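If you're matching positions, the sequence shown starts at 1 in my numbering and goes up one per residue. Glycine included, each C-beta is placed from N, C-alpha and C at the ideal position. Everything numeric in this text was worked out from a predicted model, so none of it was measured. The block underneath contains the structure these notes are about, expressed in structure tokens.
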Amino acid sequence: MTKVYDDTNTGIIGANDYKQKDTHPDQRGRCNVNGLWYWVSGWDKKAGNRSFTSLAFTLMTQSEVDTMMEKRAAKQQPQQGQQGQQAQAQGQQQQQQSAPQQAAPQQQQSAPPVYNEPPMDFDDDIPF
């Protein structure tokens, strides 16, 4: 039986082989945080005697997740048993589809609250 690896809350980052400008990240990768996939970009920096990497995270689109899962399934499974792995990849993709609505409510604009009470009549409350 094949052991399935749970990659939730893990990631990978490596050298960016496609860097063409100083503004492009020195390192690129991806990570899975609570079932959501993110692109990770890193810039190597120095402050005095210390060096560090500044990171930025960008939520993957569903098509990017689908492509990544398809490539992963093709790599992990030989042609004979590929159907079982595709089913696992589809299950993970479905988790990704439902999670962004729950994880990023601040991106959606909410409508102002609707009050169904009639307006107050202030004419009776004026004392003069």
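{"query": "Alpha carbon of ASP26 to alpha carbon of ASP44, nearest angstrom", "result": "6 angstroms"}
{"query": "Residues that ALA47 bridges to, as DSSP identifies them", "result": "ARG50"}
{"query": "Proximal residues to CYS31 (C-beta, below 6 angstroms), its chain only, five neighbours per side dropped", "result": "GLY11, TYR38 and VAL40"}
{"query": "ASN34 to THR58 span [Cα, whole Å]", "result": "14 angstroms"}
{"query": "Residue interval of the beta strand (DSSP E) (run including THR10)", "result": "10-15"}
{"query": "GLN76: first and last residue of the uninterrupted beta strand (DSSP E) it sits in", "result": "Per DSSP, GLN76 belongs to no beta strand (DSSP E); it is in the alpha helix (DSSP H), 62-76."}
{"query": "Close Cβ partners of LYS71 (< 8 angstroms) along its chain, the five nearest in sequence each way excluded", "result": "none"}
{"query": "Contact check, GLY42 vs ILE13, beta carbons under 7 angstroms", "result": "yes"}
{"query": "Segment limits, beta strand (DSSP E) that includes ASN32", "result": "27-33"}
{"query": "C-beta contact flag for ARG28 and ASN9 at 7 angstroms", "result": "no"}
{"query": "Through-space distance from SER51 to ASP22, alpha-carbon basis", "result": "17 angstroms"}
{"query": "Residue from THR53, LEU36 and LEU55 whose Cα sits closest to the Cα of GLU64", "result": "LEU36"}
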